[in-house]
Amino acid sequence: MTMPKSSLSAGVVFCSALAESRDVTDLVGSVIPAIGENQDQPLPYISFRRIKLEATPQKSGQPGADIIQEELLCCTDNYEEGIKIAEAVRAALDFQSYESDGLKMRACWLADSEEIRKNGIYIQRMIFNAKF
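In the working numbering, the protein residues as written are 2 to 133.
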């Protein structure tokens, strides 16, 4: 028996949406889940991870939509390239809905963003809220 998917599988939806965006795939070598700082990965790449899940049950006690926050890191060795990747990611996800592997992302929007430079890597950190 196949277990139903929940918002705990949101990363699969984000990864699929980015992998299907030609604008994103033309710019990055890979889209990978929750990379650790010590892991070597050729630049440029996008790393993603769920950082928050908020269940919103209905008054009847039934499950409602979950709101998750997904952190995406667009990592490059060139600032301008990082901006291009971030713009492609935003175009692929912001105000979009998407379905993958039986899980539907009903809405998605960019909630926050910041720029970081760490160990010679330029990082465009983007936080997306998504409703599942």
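Every residue, glycine too, gets a C-beta built ideally from N, C-alpha and C.
Residue ranges of uninterrupted beta strand (DSSP E) with 3 or more members, entirely inside the stretch 100-133 and ordered along the chain, are 104-106, 108-119 and 122-132.
Burial check for Ser98: the Cβ neighbour count within 10 Å stays below 16, so the residue is exposed.
Excluding its 5 nearest sequence neighbours in each direction, Met4 has no C-beta neighbour in its own chain below 7 Å.
Secondary structure of Val32 (DSSP, three-state): strand. Listed in chain order, the non-local C-beta contacts of Ala87 below 8 Å within the same chain comprise Cys75, Ser114, Gln125 and Met127, local neighbours out to five positions each way being set aside. Shown here, Lys6 sits in coil according to DSSP, grouped into three states, outside any helix or strand.
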